[in-house]
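In the working numbering, the protein residues as written are 43 to 154.
Since the structure comes first, as structure tokens, the remarks are kept for the end.
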Amino acid sequence: MRWDDWEKLIRREREQRRQEEKPLHDRIHQLEADLYFARQEIRHLQREKKELWERSQAVALGTVFPGRELEEVKKILEEAWLELVLVASPKAEGLSRIIGLLERYLLGRSPR
């Protein structure tokens, strides 16, 4: 066999291998795209789950402390938060989140 014949044979085999691998590469790209969209959906569902959990916690709190009592609880929590901030306590951040949830509940509550 001559050198040119070897080159043609090698090119033909490469092309044949490329044709055989093309569906596999296409499938990999499709699966990567599906994985990307699945991850996006998971992130969306996690945010929604967190929001629903926070809302349910606020509703539960509103059930335990109806009306003006809930406003008083919020005031007490804000005072406690201020004291924690003044002593640089790491617990202030958690209390701040609770107060935020409570404020969102109070703002979203319909007047009775």
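Don't be surprised by glycine CBs; every beta carbon is placed ideally from N, CA and C.
Classification of LEU87 by the beta-carbon crowding that lies within 10 angstroms, buried from 16 upward: exposed
In the DSSP assignment, find the unbroken alpha helix (DSSP H) run with VAL115 in it and report its ends. 110-128
Is SER131 helix, strand or coil when you go by DSSP? coil
Secondary structure of ARG44, DSSP reduced to three states: coil
State the DSSP-derived secondary structure class of PHE79, mapped to helix, strand or coil. helix
Should ALA11 be labelled buried (16 or more other beta-carbon atoms within 10 Å of its own) or exposed? Limits of the chain in this structure are 43 at one end and 154 at the other, which puts residue 11 out of reach.
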